[in-house]
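Residue numbers (my numbering): 21 to 157.
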């Protein structure tokens with residue numbers, strides 16, 4: 021693991037979580053030669069990139085499923101609840117992998133500028149309102 025504050029704080033947190041779960045962390049040192057450091061950084065970066073790729077793929081699947089449900093007119097309250105749970109899972113996953121991406125490299129950009137900028141698969145209407153008092157609060 022490279023030196024630096026983000027890594028040290030994260031590493032200390034991992035050690036505490038292992039101990040809190042009843043585990044016994046073992047820390048091993050890697051020789052400080054350039055080849056070992058470069059190899060370790062490459063492995064770390066490859067793992068983060070694979071994780072981001074999988075995450076972005078799941079985001080695309082989520083958006084496609086939501087658009088499909090809207091196109092079918094199948095957005096029941098149960099379907100909306102299921103989609104909200106999927107979105108919550110994606111948000112938790114995002115926070116987790118964002119915390120792991122502390123190598124000084126920025127996280128990959130969201131496609132289309134991110135979920136807040138994504139085109140909506142439906143247009144707001146009074147029957148789809150989520151304002152208080154309409155049964156959705």
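Positions of the beta carbon are idealized from the N, C-alpha and C atoms, including for glycine.
(request) Check the C-beta distance from residue 78 over to residue 110 and give it rounded, since I have them as a contact under 8 Å. (result) By 1-based counting over the chain shown, the position of residue 78 is 58. By 1-based counting over the chain shown, the position of residue 110 is 90. 6 Å between Cβ atoms; contact.
(request) Taking the CB atoms as reference points, tell me whether residue 120 and residue 68 lie closer together than 8 Å. (result) Your numbering for residue 120 matches position 100 in the chain shown. Your numbering for residue 68 matches position 48 in the chain shown. Taking a C-beta distance under 8 Å as the contact criterion, residue 120 and residue 68 qualify as a contact pair.
(request) State the DSSP-derived secondary structure class of residue 33, mapped to helix, strand or coil. (result) Position 13 of the chain shown, counted from the start, is the residue given in the question as residue 33. Helix at residue 33.
(message) Only counting the same chain, and skipping five residues up and downstream in sequence, which positions put a Cβ closer than 8 Å to that of residue 39?
(response) As a working note, residue 39 is residue 19 in the chain shown. Here residue 39 has 45 as same chain residues with Cβ atoms under 8 Å from its own Cβ, once five neighbours each way along the sequence are excluded.
(request) Give every residue of the same chain whose Cβ lies closer than 7 Å to the Cβ of residue 75, excluding the five residues on either side of it in the sequence, and list them in chain order. (result) Residue numbering aside, residue 75 sits at position 55 when the chain shown is read from its first letter. Sequence-distant partners of residue 75 (beyond 5 residues in either direction) whose C-beta falls short of 7 Å from its own C-beta, in its chain, are 113, 114 and 117.
(request) Report the three-state DSSP secondary structure of residue 13 (helix, strand or coil). (result) Look at the range of the chain in this structure, 21 to 157, and you will see that residue 13 is not part of it.
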